[in-house]
Amino acid sequence: MSFKIDRQSIGELNLMGKFRQGSVYYLFNKVSTRIGEKLMDEMFSHPLNDAAAINRRVAIFEFFGKSNIVFPFEADQVSLMREYIDTTARRSQWVVTADLYLQKLLAGLTKDGRFKNTLLQLQATIVTLKKCFGMLELLKRENGPLQDRVDALLTIMYQKDIRRILDSDIYKPMSTRRVSEYDFLLRNRHNDAMKDILQFIAETDVYISVSKVSRERNFCYATAVEKEENLFHARNLRHPCIAKAVGNDIAMKTGSNVLFLTGANMAGKSTWMKSIGIGMYMAHIGFPVAASEMVFSVREGIFSSINVADNIAMGYSHFYAEVVRVKDAAIAAATGEHLLLMFDELFKGTNVKDAFDGTLAVTEGFSAYNNCLFIVSTHIIEVGEALKKLPNVQFRFMPTVLEGNVPRYTYTLHEGITEDRQGMMIIENEGIIALINKM
Numbered sequence: 286m287s288f289k290i291d292r293q294s295i296g297e298l299n300l301m302g303k304f305r306q307g308s309v310y311y312l313f314n315k316v317s318t319r320i321g322e323k324l325m326d327e328m329f330s331h332p333l334n335d336a337a338a339i340n341r342r343v344a345i346f347e348f349f350g351k352s353n354i355v356f357p358f359e360a361d362q363v364s365l366m367r368e369y370i371d372t373t374a375r376r377s378q379w380v381v382t383a384d385l386y387l388q389k390l391l392a393g394l395t396k397d398g399r400f401k402n403t404l405l406q407l408q409a410t411i412v413t414l415k416k417c418f419g420m421l422e423l424l425k426r427e428n429g430p431l432q433d434r435v436d437a438l439l440t441i442m443y444q445k446d447i448r449r450i451l452d453s454d455i456y457k458p459m460s461t462r463r464v465s466e467y468d469f470l471l472r473n474r475h476n477d478a479m480k481d482i483l484q485f486i487a488e489t490d491v492y493i494s495v496s497k498v499s500r501e502r503n504f505c506y507a508t509a510v511e512k513e514e515n516l517f518h519a520r521n522l523r524h525p526c527i528a529k530a531v532g533n534d535i536a537m538k539t540g541s542n543v544l545f546l547t548g549a550n551m552a553g554k555s556t557w558m559k560s561i562g563i564g565m566y567m568a569h570i571g572f573p574v575a576a577s578e579m580v581f582s583v584r585e586g587i588f589s590s591i592n593v594a595d596n597i598a599m600g601y602s603h604f605y606a607e608v609v610r611v612k613d614a615a616i617a618a619a620t621g622e623h624l625l626l627m628f629d630e631l632f633k634g635t636n637v638k639d640a641f642d643g644t645l646a647v648t649e650g651f652s653a654y655n656n657c658l659f660i661v662s663t664h665i666i667e668v669g670e671a672l673k674k675l676p677n678v679q680f681r682f683m684p685t686v687l688e689g690n691v692p693r694y695t696y697t698l699h700e701g702i703t704e705d706r707q708g709m710m711i712i713e714n715e716g717i718i719a720l721i722n723k724m
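Residues 286 to 724 (my numbering) are what the sequence shown spells out, left to right.
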């Protein structure tokens, strides 16, 4: 089964957005080639839900991060090679030769540019293949986690036909017959092998660029364990897209799989929940995580409710939109799947009494799903007292430190339930009451 995450959760965590500064994708999108970017899209859009597959990908990223191998390919040459290899018609050697001779004749008579373009693409392909061969030889000596893949590609490179192309000098004039021979070999006889090499180039583009981001930002790679273990441990977990973000530790497992989070407005609750969701998502695609270390049980999906808005088109109020969101989460959890569920400020669209009752009922209900990890935040700290009877609920809060009458936020987790009530103080500090009274 595929990993489940809906559009709202993706938006709340700001995961996607190729050109949107502040998105997680934008942070990691440092690839050099179009084929590398396409592979990035695929990886980002399809999280893995198999622990072994995740750990295999992680091992590859870690290898490239430690090896400091430089991406040797030029983007324009790789692009020319891709165009060249993709335009094939599975033709015979005779037809290829006849067509190229015709192109060359037309180039002299009518300034037809096809022969020149073919020659340019062929030269770029040969240069790229030479660089790929050199990189494969280097990886062979390193004996890393891609060894089987490297051996298979080197087998292609060592074939007599390909070897002859690799040994050619592109700076010397090539006869039309030689061009047609190479053209037939690359675009017809060995076309599938060339596509495999292009795929490898895309993979190394992603591995090298992403591991470089990880190294520069001091991120870590998470270790995946089977979903049945139902645990999530992270040290110094933080938001990857916030400069100098404050990190916090988290430890959840069966028997303590519910986290009840309190704190004042602006204390950092929402950002912390987003950090958890982003970390879990990135771990499932095998990418680096903004933490010092992380171990997690594979989830079958992530479901968040952090920035729920009203829906004018459907006639939903803010409160009803929250109710619908909770219902969707309940349906997902009832399937028995191992999920990460996160709710920020439940039922803030209704009165305090209903919000108290609703938050308490929902938290008690979701706490019964021992196969899920459930995180809920609220301003209504009285709910926490009512939840203390549940053995699997852990209580954390983000404090507000008063410096005179000015609140300061540390963004660090503490054990327990907050007693901070600075809302009225902030209102008074802003002079709102005095302003109103002057009117």
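Even glycine gets a Cβ: it sits at the ideal position worked out from N, Cα and C. Small disclaimer: the values here were computed from a predicted structure and weren't measured.
{"Query": "Own chain residues within Cβ distance below 8 Å of I455, not counting five before or after", "Result": "Q408, I411, V412"}
{"Query": "Beta-carbon proximity list for R500, same chain, < 6 Å, skipping 5 on both sides", "Result": "G350"}
{"Query": "contact_flag[the stretch 655–670, the stretch 524–533] where n(CB pairs < 8 Å) is 3 or more", "Result": "no"}
{"Query": "Given 8 Å, three or more beta-carbon pairs between the stretch 510–518 and the stretch 574–594", "Result": "yes"}
{"Query": "Beta-bridge pairing of H518 - partner residues as DSSP gives them", "Result": "A536, V580"}
{"Query": "Cα-Cα separation, V495 to N314", "Result": "8 Å"}
{"Query": "Segment limits, alpha helix (DSSP H) that includes Q293", "Result": "292–297"}
{"Query": "Where the beta strand (DSSP E) through S662 begins and ends", "Result": "658–663"}
{"Query": "Bridge partners - I587, DSSP secondary structure assignment", "Result": "I290, L625"}
{"Query": "Coil, strand or helix - C526 by DSSP", "Result": "coil"}
{"Query": "Cβ pair I345, L404 closer than 8 Å", "Result": "no"}
{"Query": "Cβ neighbours of L483 in the same chain (closer than 8 Å, five flanking residues each side left out)", "Result": "I320, V363, M366, R367, I370"}
{"Query": "Opening and closing residue of the beta strand (DSSP E) in which G548 lies", "Result": "543–548"}
{"Query": "Best match in Q293, H699, S652 for proximity to D613 [C-alpha to C-alpha]", "Result": "Q293"}
{"Query": "CB of Q728 within 8 Å of CB of L544, strictly", "Result": "Outside the modelled stretch of the chain, which goes from 286 to 724, sits residue 728, for which no answer is possible."}
{"Query": "Cβ neighbour criterion (16 or more within 10 Å) applied to L387", "Result": "exposed"}
{"Query": "Beta-bridge partners of F680, as assigned by DSSP", "Result": "F545"}
{"Query": "Selection from H623, L687, V686, G419 that minimises the alpha carbon distance to F659", "Result": "H623"}
{"Query": "For I570 and E327, the rounded distance between their alpha carbons", "Result": "10 Å"}
{"Query": "Neighbourhood of L439 by C-beta, 6 Å cutoff - its chain only, sequence neighbours within 5 removed", "Result": "L421"}
{"Query": "Same chain, Cβ closer than 6 Å to L675, neighbours up to 5 away in sequence not counted", "Result": "S652"}
{"Query": "Proximity to V611 [Cα-Cα], best of L298, K415, L631", "Result": "L631"}
{"Query": "With 16 other Cβ atoms within 10 Å as the buried cut-off, status of H331", "Result": "exposed"}
{"Query": "Sub-8 Å separation of M537 and I591 beta-carbons", "Result": "no"}
{"Query": "Where L423 falls, given that 16 or more other Cβ within 10 Å makes a residue buried", "Result": "exposed"}
{"Query": "Beta-bridge partners of P692, as assigned by DSSP", "Result": "L687"}
{"Query": "Buried versus exposed call for V647 [16 or more other C-beta atoms within 10 Å across all chains shown]", "Result": "buried"}
{"Query": "Residues bridged to C505 [DSSP beta-bridge criterion]", "Result": "V574"}
{"Query": "Start and end residues, alpha helix (DSSP H) containing N340", "Result": "336–352"}
{"Query": "Distance, F588 Cα to F288 Cα", "Result": "11 Å"}
{"Query": "Under 8 Å between C-beta atoms of L627 and G562", "Result": "In the sequence as displayed, the identity of residue 627 is Met instead of Leu. Result yes, Cβ atoms of M627 and G562 sit closer than 8 Å."}
{"Query": "Unbroken alpha helix (DSSP H) run spanning K554, endpoints", "Result": "554–569"}
{"Query": "K435: first and last residue of the uninterrupted alpha helix (DSSP H) it sits in", "Result": "The sequence given here places Val at residue 435; Lys does not occur at that position. Taken as a continuous stretch (DSSP letters only), the alpha helix (DSSP H) holding V435 covers 432–442."}
{"Query": "Backbone secondary structure at V309 - three-state DSSP", "Result": "helix"}
{"Query": "Whole-angstrom distance between N428 and M551, CA atom to CA atom", "Result": "49 Å"}
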